[in-house]
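Working notes for the structure below.
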Amino acid sequence: MNLTELNTIAKAMVAPGKGILAADESTSTIEKRLSSINVPSTEENRRDYREMLFTAAGAEQYVSGVILYDETLRQKAKDGTPLVEILNKRGIIPGIKVDKGVQALPGSDGEKITEGLDGLPKRMAEYHQLGARFAKWRAVLSIDAATGKPSRQCLVANAEALARYAGICQAAGIVPIVEPEILMDGAHGIETSFKVTERTLHTVFEQLALHNVALEGMILKPNMVIQGEQAKTQASVDEVADATVKVLLRCVPGAVPGIAFLSGGQSDELASAHLGAMNARHPNLPWALTFSYGRALQALPLKLWGGKAANVANAQKGYLHRARLNSLAAQGKYDAKLEQDFKAA
Ligand code: 5MM
1 MNLTELNTIA KAMVAPGKGI LAADESTSTI EKRLSSINVP STEENRRDYR
51 EMLFTAAGAE QYVSGVILYD ETLRQKAKDG TPLVEILNKR GIIPGIKVDK
101 GVQALPGSDG EKITEGLDGL PKRMAEYHQL GARFAKWRAV LSIDAATGKP
151 SRQCLVANAE ALARYAGICQ AAGIVPIVEP EILMDGAHGI ETSFKVTERT
201 LHTVFEQLAL HNVALEGMIL KPNMVIQGEQ AKTQASVDEV ADATVKVLLR
251 CVPGAVPGIA FLSGGQSDEL ASAHLGAMNA RHPNLPWALT FSYGRALQAL
301 PLKLWGGKAA NVANAQKGYL HRARLNSLAA QGKYDAKLEQ DFKAA
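One point on numbering: in UniProt numbering, the residue at position 162 of the sequence shown is 162, and numbering is uninterrupted.
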């Protein structure tokens, strides 16, 4: 493992004002996204949609890297240029999702474990050859206060898988994004989210240490500390920002170069506002705080594109708008008034 190289890539992924586009929807997820705009999920349509995002001129000012799905890493644009080459030419780092999704965790009460470790070293070597310089593995955890979920069994099993994945990445010269996602499903309050996030991150960093993962060569992708979607009381933007920073300060060593949040189903505006408030209210944190959003970067351009070549320019404008506002949020300069800068054509 060349730690200097891993650290250089990790720092570039969270360079000031830059964050990550998560475009690694698996086949079933991208099918759902495309069906929401009445577009069939053919290989060509998936390619056209992602090509629209990757060719948006100027995105490189805001976006450091893109997480790709296996199919996309191997795909070529309409004119025959590999999509990876399009990203590299813009100075955007290609990354790859390497987990194989979630399965039922045997012996648990309906909890999930992320699979994909079998054969991973071999796949990782190929991904490096294909141009990926970072990877992503997502653990999925649900809160159910009544039954004490996530259970310790589920936390330890998922944290161990994340740590083993991270070690395999680093051995192959690839920076691991470690993503323990606590879903927003449920009616729990922000205090429960805080406690579960704290428990989760402690478990993850314990396993990362056990498996000798070099913290300087990884990025953490956590959820924000936020109430459940069905909760009666909504925390304010500042409350979410303060609680999230507080839990991260308790759990994440300063050797980690950056933390790039998932959006988790928050509205586009709230995902930007929360990140903006964290950076504005808490300058001088030990790590960079930025975005690695999927839905909160793509919802607008997906809708504007609608599967039509004629809409590409307008969809790209929508994508650049969200990327710019999240870039400002990563610098603590987000202002909700900026939301009005974008007018669809
Ligand atoms: C883009 O969606 C990613 C892939 O999801 P599936 O494997 O379920 O298809 C997902 O892991 C994503 O990277 C993270 O959840 C962050 O995305 P959001 O939309 O929560 O910002």
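The C-beta atom is built at its ideal place from N, Cα and C for all residues, glycine as well. Keep in mind it's a predicted model, so treat the numbers as computed, not measured.
Could you give the first and the last residue of the continuous beta strand (DSSP E) run that contains L130?
Careful: L130 lies outside any beta strand (DSSP E) and carries neither H nor E.
Residue from Y69, T203 and Y49 whose Cα sits closest to the Cα of D99
Minimum Cα-Cα distance from D99 among the listed residues Y69, T203 and Y49 corresponds to Y69.
With a cut-off of 8 angstroms on the beta carbons, I'd call Y62 and K18 a contact; round off their distance for me.
At roughly 6 angstroms, the Cβ-Cβ gap stays under 8 angstroms, so Y62 and K18 are in contact.
Using DSSP with H/G/I as helix, E/B as strand and the rest coil, what is L285?
Looking at L285 - three-state DSSP - the assignment turns out to be coil, as it is neither helix nor strand.
Can you check which of these residues, N279, I219, I226 and A329, is closest to V14 by C-alpha distance?
The shortest C-alpha to C-alpha distance from V14 to any of N279, I219, I226 and A329 is the one to I219.
What whole-angstrom Cβ distance do L162 and W137 have, given they're in contact under 8 angstroms?
The pair is a contact, with the Cβ atoms about 6 angstroms apart (cut-off 8 angstroms).
Quick test of the definition: if touching needs 3 or more C-beta pairs under 8 angstroms, does the region 299 to 308 touch the region 31 to 38?
Contact holds: three or more Cβ-Cβ distances are below 8 angstroms.
List the residues that DSSP assigns as beta-bridge partners of D341.
None; D341 has no bridge partner.
Just curious, the alpha helix (DSSP H) that S64 is in, first and last residue?
From DSSP, S64 is part of no alpha helix (DSSP H) but of the beta strand (DSSP E) over V63 to L68.
According to the Cβ coordinates, are G173 and V213 closer than 7 angstroms?
No, they are not a contact pair.
Specify the secondary structure class of T114 as computed by DSSP and reduced to three states.
In the three-state reduction of the DSSP assignment, T114 falls in the strand class, which pools E and B.
Looking only at its chain, what residues have a beta carbon closer than 8 angstroms to the beta carbon of D109, apart from the 5 residues adjacent to it on each side?
Answer for D109: T147, K149 and S151, listed in chain order.
If I measure Cβ to Cβ from G131 and keep anything under 6 angstroms in the same chain, skipping five residues before and after, which residues do I get?
Within the same chain, G131 has close Cβ partners V84 and P94.
Under the DSSP definition of a beta bridge, which residues are partnered with I177?
Bridge pairing for I177: K136 and I219 [DSSP].
Express the C-alpha separation of V247 and I143 in angstroms, rounding to a whole number.
Between I143 and V247, the C-alpha separation is close to 17 angstroms.
Are the Cβ atoms of H274 and V237 separated by less than 7 angstroms?
Against a cut-off of 7 angstroms, the Cβ pair of V237 and H274 comes out as a contact.
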